[in-house]
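S.K.: Under UniProt numbering, the sequence shown has 128 at position 128, and the numbering climbs by one with no breaks.
Beta carbons are placed, not taken as given, at the ideal position from N, Cα and C, and that holds for glycine.
Given the structure is predicted, the values throughout are model-derived calculations rather than measurements.
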Amino acid sequence: MAKDDTPPDPGAFRLPDPALVSRTMADVAERGQRIVADFLRRQAGEAPGGGADGPDPMHIGTAFMEMTARLMTNPARLMQAQLGFWQDYMTLWQNTARRMWGGEVSPVIAEDPKDRRFKDEAWRDNEVFDFIKQSYLLSARYFTNVAHAADDLDPKTAQKVDFYTRQFVDAMSPSNFLMTNPEVLRRTAETGGENLLRGLQNLLSDLERGKGKLRIRMTDETKFKIGENIAVSPGKVVYQNELMQLIQYSPTTETVLKRPLLILPPWINKFYILDLRPKNSFVRWAVSQGHTVFVVSWVNPDERLAEKSFEDYMLEGPYAALDAIEKATGEKAVNAIGYCLGGTLLASTLAHMAEKRDTRIKSATFFTTMVDFAEAGELSVFIDEEQLQSLEERMQKRGYLEGREMATTFNMLRANDLIWSFVVQNYLMGQEPFPFDLLYWNDDSTRMPAAMHSFYLRRMYQQNDLAKPGGITLAGVPLDLRKVKLPTYILSTREDHIAPWKSTYKATQIYGGPVRFVLAASGHIAGVANPPESGKYSHWVADSLPAEPDDWFGAATEFAGSWWPDWHRWVSGLDKAQVPARIPGEGGLPAIEDAPGSYVKVIGTD
């Protein structure tokens, strides 16, 4: 047997510094006591039976009980799944034994090449870790197959079972534990366990940030400051009301397109996802292409704005912005962009304007926007009557939904990337988070007014009323998206976990005007904030718009690089008229303050 059985060199392992251990443990005791006391005080302030703090706020147990009952009606299928699992497991045992004796064997099951959890070579080169990995993959496949085997489950229940089965499977990955992660074991040996002491300090810091609840730090937020090295495109706030500030950006060209460009970001996050750094700023790039760019910067609301409704967001958002743009530039006609929830608001506004015969918006662009929520993806897991009632109880107490709760929901949709990878790096490897502008933005969450958010979740996600002609009435006007007949550009992203592209594609069959649908590679954020200079991520286009998205994709042509130039050619081709560049504050609206304004700097609470 060509194996080296020499024991490890003791000199390769370092003992931790006793003084460091002593200081860490004393700090742990002091901070831990403070964290627990603060958490208990906060819990005592919650009303009895406080919704989400109940024993099963998401009704996961009920879903799994129903799945179990369905499985028991077909014990033969369950037995078959178990036999298949044990046969594979026995084959793995035999293969591992042969490999340990020097034999060549093929894996019983292999990880996805894109699965970064198992990128370390020891998962393949070391027999023990290869066995651990394959055991996990077999178990994961078994649990997933069992969850899918239940017959006649309600679709919502089946979706919930599938989602939380994957949450469980992801959590149980051997990469998440000290003794079964070769990379962590190697680091522990090299540092004498100091990585674990640093990780414990990181864990305490994250518990302190969350006031007793774990709030994982994804990036080094000390390296960023809004208005100094992030959201730095020059401009002025030229208008504001209770819900938003309107920013007009300074031109970089001598002439500009006659039609100004209005951008409506989502108010679930802050607007500067479109103005992170100069190198990846859509705002900066659009200005450089000759657009007079106006961006809505939504307020981070507190309990004083609890009764602000979706209708208020329409009237004090796009409608107020259109009035302000006309005063600032003298132009009635504008091009408009809506991103995610901002796009849903834009679509609602366009339907309202169509009924009122208001034609100021001449073209509409939608970034990763759903207007038909019949197949809303995995976010639907969190939208059922019991969970909505629980959420509304919490919002009624505070007047808003805390942004951190929404951010946690989004992170669960990509748990391996946005939760477990940071658990490993921060707590097991003991590393400090890397400064990353996109993750800084992701952590800069905003609150949701209770009235608006309840309406949005119930009327759109739960009841899908926006897709029904006359299903929603805003400001006395029933909305019918079919009456939106202006030129429309729809940008979706292929790996979107928030607005699945096949759901966003449904809008192509609703709007009554000419539609261009473009699909970008990557996800909800990276696929949108993808400047041409980066040379990353392709996009697909097609001339026809068949009813089924798969048919569209089958006929589409893939082009390398960013979709931004395609959009600019489309929108500028609608009206090429040029005027002298407009300076913010020198038109009909005086400047209030420098961009990015003060609203975007208001942080959330926990």
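In whole angstroms, what separates the C-alpha of Ala-475 from that of Leu-346?
M.R.: When rounded, the distance between both Cα atoms is 15 Å.
S.K.: Would you give the residue range spanned by the alpha helix (DSSP H) that Gln-387 belongs to?
M.R.: Unbroken alpha helix (DSSP H) run through Gln-387: 385–398.
S.K.: Would you tell me roughly how many angstroms separate the C-alpha atoms of Asp-53 and Lys-258, rounded to the nearest one?
M.R.: Residue placement at Asp-53 is flagged as unreliable, the pLDDT there being 47, under the threshold of 50; the coordinate-derived value follows with that caveat. If I take the Cα positions, the gap works out to 54 Å.
S.K.: Report the CB separation of Leu-486 from Gly-513 in whole angstroms; it is logged as a contact under 8 Å.
M.R.: Yes, they are in contact, since the Cβ atoms of Leu-486 and Gly-513 sit about 5 Å apart, within 8 Å.
S.K.: Looking only at C-alpha atoms, which of Gly-585, Ala-415, Leu-519 and Gln-463 sits nearest to Asp-170?
M.R.: Nearest option by C-alpha distance: Ala-415.
S.K.: Thinking C-alpha only, which one of Leu-246, Pro-251 and Glu-311 is nearest Val-299?
M.R.: Considering only alpha carbons, the answer is Leu-246.
S.K.: Is the beta carbon of Ala-333 less than 8 Å from the beta carbon of Arg-360?
M.R.: Taking 8 Å as the Cβ cut-off, Ala-333 and Arg-360 qualify as a contacting pair.
S.K.: At what residue ranges does the segment 119–176 contain a whole run of the beta strand (DSSP E), taking only runs of 3 or more?
M.R.: Complete beta strand (DSSP E) runs here, min 3: none at all.
S.K.: Could you please give the first and the last residue of the uninterrupted alpha helix (DSSP H) stretch that includes Ala-556?
M.R.: Note, Ala-556: premise wrong, no alpha helix (DSSP H); not H, not E.
S.K.: Reducing DSSP to helix, strand and coil, say where Glu-190 ends up.
M.R.: Helix at Glu-190.
S.K.: Compare the C-alpha of Lys-502 against each of Thr-368, Asp-130 and Thr-144 and name the closest.
M.R.: Answer by Cα proximity: Thr-368.
S.K.: Would you call Glu-46 buried or exposed, if buried means 16 or more other Cβ atoms sit within 10 Å of its Cβ?
M.R.: Summary for Glu-46: the model assigns pLDDT 48, below 50, so the residue's position carries little reliability, and this model does not support an answer.
S.K.: Using 8 Å as the threshold, is the segment 428–439 in touch with the segment 190–200, meaning 3 or more CB pairs across them?
M.R.: Result yes; three or more Cβ-Cβ pairs closer than 8 Å.
S.K.: Beta-carbon separation of Phe-271 and Val-295 under 8 Å?
M.R.: Yes, they are a contact pair.
S.K.: Going by Cα to Cα distance, which pick from Phe-559, Ala-556 and Ile-268 is closest to Ile-603?
M.R.: The shortest Cα separation from Ile-603 among Phe-559, Ala-556 and Ile-268 belongs to Ile-268.
S.K.: From what residue to what residue does the beta strand (DSSP E) around Val-287 run?
M.R.: No beta strand (DSSP E) contains Val-287, which is instead part of the alpha helix (DSSP H) from 282–288.
S.K.: On the DSSP letters alone, give me the boundaries of the alpha helix (DSSP H) that Arg-77 sits inside.
M.R.: Arg-77 -> alpha helix (DSSP H) spans 75–100.
S.K.: DSSP on Gly-338, reduced to helix/strand/coil?
M.R.: Three-state result, Gly-338: strand.
S.K.: Classify Ala-52 as helix, strand or coil using the three-state DSSP reduction.
M.R.: Because the pLDDT at Ala-52 is just 43, under 50, the model does not fix this residue reliably, and the point stays unresolved.
S.K.: Which same chain residues end up closer than 8 Å to Arg-447 when comparing Cβ atoms and leaving out the 5 residues on each side of it in sequence?
M.R.: Cβ neighbours of Arg-447 beyond the five flanking positions: Asn-300, Pro-301, Asp-302, Tyr-400, Leu-401, Glu-402, Gly-403, Gly-604 and Thr-605.
S.K.: Could you check where the beta strand (DSSP E) with Ser-297 kicks off and where it finishes?
M.R.: First-last of the beta strand (DSSP E) with Ser-297: 293–298.
S.K.: Beta carbon of Trp-263, beta carbon of Ile-337: below 8 Å?
M.R.: According to the sequence displayed, residue 263 carries Ile and not Trp. Yes; because the gap between Cβ atoms is below 8 Å, this pair is in contact.
S.K.: May I ask which residues mark the beginning and end of the alpha helix (DSSP H) holding His-539?
M.R.: Unbroken run through His-539 is the beta strand (DSSP E), 539–541; no alpha helix (DSSP H).
S.K.: Report the three-state DSSP secondary structure of Lys-483 (helix, strand or coil).
M.R.: Lys-483 falls in the helix class under three-state DSSP.
S.K.: What is the DSSP secondary structure of Ala-328, counted as helix, strand or coil?
M.R.: Helix at Ala-328.
S.K.: Straight-line CA distance for Asn-464 to Val-477?
M.R.: Cα to Cα, Asn-464 sits roughly 18 Å from Val-477.
S.K.: Quick check: what's the CA-CA separation for Trp-86 versus Trp-93?
M.R.: Approximately 10 Å, taken between the alpha carbons.
S.K.: Is the Cβ-Cβ distance between Thr-344 and Ser-288 less than 8 Å?
M.R.: No.
S.K.: Given this structure, state the Cα-to-Cα distance separating residue 613 from Gly-377, to the nearest angstrom.
M.R.: Outside the shown range of the chain (1 to 606) lies residue 613, about which nothing can therefore be said.
S.K.: Taking three-plus beta-carbon pairs below 8 Å as touching, is the segment 456–471 in contact with the segment 318–332?
M.R.: Output reads no: the segment 318–332 does not touch the segment 456–471.
S.K.: Alpha carbons only, please: which of Met-412, Met-353 and Val-424 is nearest the one belonging to Leu-481?
M.R.: That would be Met-353, whose Cα lies nearest to the Cα of Leu-481.
S.K.: Please identify the residue among Ala-97, Ser-297 and Ile-510 whose C-alpha is closest to the C-alpha of Leu-545.
M.R.: Checking every option, the nearest Cα to that of Leu-545 belongs to Ile-510.
S.K.: Can you check whether the CB of Gly-597 is closer than 8 Å to the CB of Ser-297?
M.R.: Their beta carbons are under 8 Å apart, which means Ser-297 touches Gly-597 by this criterion.
S.K.: Between the beta-carbon of His-524 and the beta-carbon of Ile-490, is there less than 8 Å?
M.R.: The answer is no: Cβ separation not under 8 Å.
S.K.: Go ahead and pull the three-state DSSP assignment for Glu-593.
M.R.: In the structure shown, Glu-593 sits in a strand (DSSP, three-state: E or B).
S.K.: For a test of the three-state rule: what should DSSP assign to Thr-255, helix, strand or coil?
M.R.: In this structure, Thr-255 counts as strand in the three-state DSSP scheme.
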